Amino acid sequence: MELFSARVCDIMNESDSVKRLRLEVPHPDFSFRAGQWVDFFIPGVDTVGGFSICSSPGLLQREGVIELAVKYTRHPPAHWIHTKCSVDSPVAVRVGGNFYFDPQPSEPVVDLLLIAGGVGINPLYSILLHAADLLKHTHLCYSAKNTKELLFKNTIIDICHEQPDKFSCDFHVTQQSSDIEQELQPYTINGRISEEELKRHVDPEHTLCYLCGPPPMIEKVNSDLQKVGLSEDRILFEKWW
Numbered sequence: 035m036e037l038f039s040a041r042v043c044d045i046m047n048e049s050d051s052v053k054r055l056r057l058e059v060p061h062p063d064f065s066f067r068a069g070q071w072v073d074f075f076i077p078g079v080d081t082v083g084g085f086s087i088c089s090s091p092g093l094l095q096r097e098g099v100i101e102l103a104v105k106y107t108r109h110p111p112a113h114w115i116h117t118k119c120s121v122d123s124p125v126a127v128r129v130g131g132n133f134y135f136d137p138q139p140s141e142p143v144v145d146l147l148l149i150a151g152g153v154g155i156n157p158l159y160s161i162l163l164h165a166a167d168l169l170k171h172t173h174l175c176y177s178a179k180n181t182k183e184l185l186f187k188n189t190i191i192d193i194c195h196e197q198p199d200k201f202s203c204d205f206h207v208t209q210q211s212s213d214i215e216q217e218l219q220p221y222t223i224n225g226r227i228s229e230e231e232l233k234r235h236v237d238p239e240h241t242l243c244y245l246c247g248p249p250p251m252i253e254k255v256n257s258d259l260q261k262v263g264l265s266e267d268r269i270l271f272e273k274w275w
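The C-terminal residue of the sequence shown carries number 275 in the numbering used here, and the numbering is unbroken.
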């Protein structure tokens, strides 16, 4: 896998604990598939980061940039992003990962079911944006502690409004102590993703599920999906620690 030079061209606060980096990657040979991650190399930092790309391949084609959403931790690359990174910082990236959505014209049409827990939304958001570019039928189940930790929620709702026949979503909050914001109420459910809800969105013949989140959630949802009739080969997952 080739290493590509990149430049930080924008930094945004996605939430209280997550920064979104926009990276310009000018090399014409650079590409990725929706759902993949990058090894992230920082001059002067020995530790290599590993972050999922949260933007779509279409954004790279149109503007020559990718985006990463990085949660604050003491891990050196994440700590550098939150404390030292600035616009024009030089970095380098290398694409990797076998968890991706890259449908080919010859493949059967599928309905996508995306299930995210916490920052596991990152690769699934890339897949959602790619599905929007391709007009693929998609439902997102996204669970977080509270609505403040629901990343990309406004864009997700906008996509559902713009293409209601193609896209739908349910946000789940498990530790919400305040009232849910009015604009989120139609989409938000208190409690974890249930087997009953999954059953409503699974067609064993046509559903392809991408699942990303903490390992205990992966194991529970994977089991529930198989209980409601989705075969193991139609469930793709990536565990986040």
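Each residue gets a CB set at the ideal place from its N, CA and C atoms; glycine is no exception.
Since we're looking at a predicted model, the values are computed, not measured.
Annotated three-state conformation of Lys118 is coil, per DSSP. In the structure shown, the three-state DSSP call for His164 is helix. Comparing C-alpha distances from Phe85 to each of Val99, Val127, Ser49 and Ile190 shows the shortest one belongs to Val127.
At a Cβ-Cβ threshold of 7 Å, Val82 and Trp114 do not count as neighbours. In this structure, the CA atom of Gly263 is about 27 Å from the CA atom of Gly131.
Taking 7 Å as the cut-off, the Cβ atoms of Val129 and Lys53 do not count as close. If you look at Glu48, you'll find it isn't in any beta strand (DSSP E); DSSP assigns it neither H nor E. If you keep only unbroken beta strand (DSSP E) runs of at least 3 residues inside the region 149 to 207, you get 172 to 178 and 201 to 207. Taken through DSSP and simplified to helix, strand or coil, Ser212 comes out as coil. DSSP, reduced to helix, strand and coil, places Gly92 within a helical segment of the structure shown. Taking C-beta separations shorter than 6 Å and ignoring five residues to either side along the sequence, the partners of Cys246 in its chain run Ala150, Gly154, Pro157, Leu158 and Glu272, following chain order. Pro250 and Lys179 have their C-alpha atoms roughly 15 Å apart. Assigned with DSSP and collapsed to three states, Ile100 falls in strand.
Beyond the five residues adjoining it in sequence on each side, Cys175 comes within less than 8 Å, by CB distance, of Leu147, Leu148, Ile149, Ala150, Cys203, Asp204, His206, Ile227, Glu231, Leu232 and His235 in the same chain, given in chain order. Annotation: the region 209 to 267 contains the following complete segments of the beta strand (DSSP E) (minimum length 3 residues), in chain order: 222 to 224 and 241 to 247. Cβ atoms of Val144 and Thr241 come within 8 Å of each other, at about 7 Å. Residue environment: Asp63 is assigned as exposed (fewer than 16 neighbouring CB atoms within 10 Å of its CB, all protein chains considered).
Residue range Trp71 to Phe75 is occupied by the beta strand (DSSP E) that includes Asp73.
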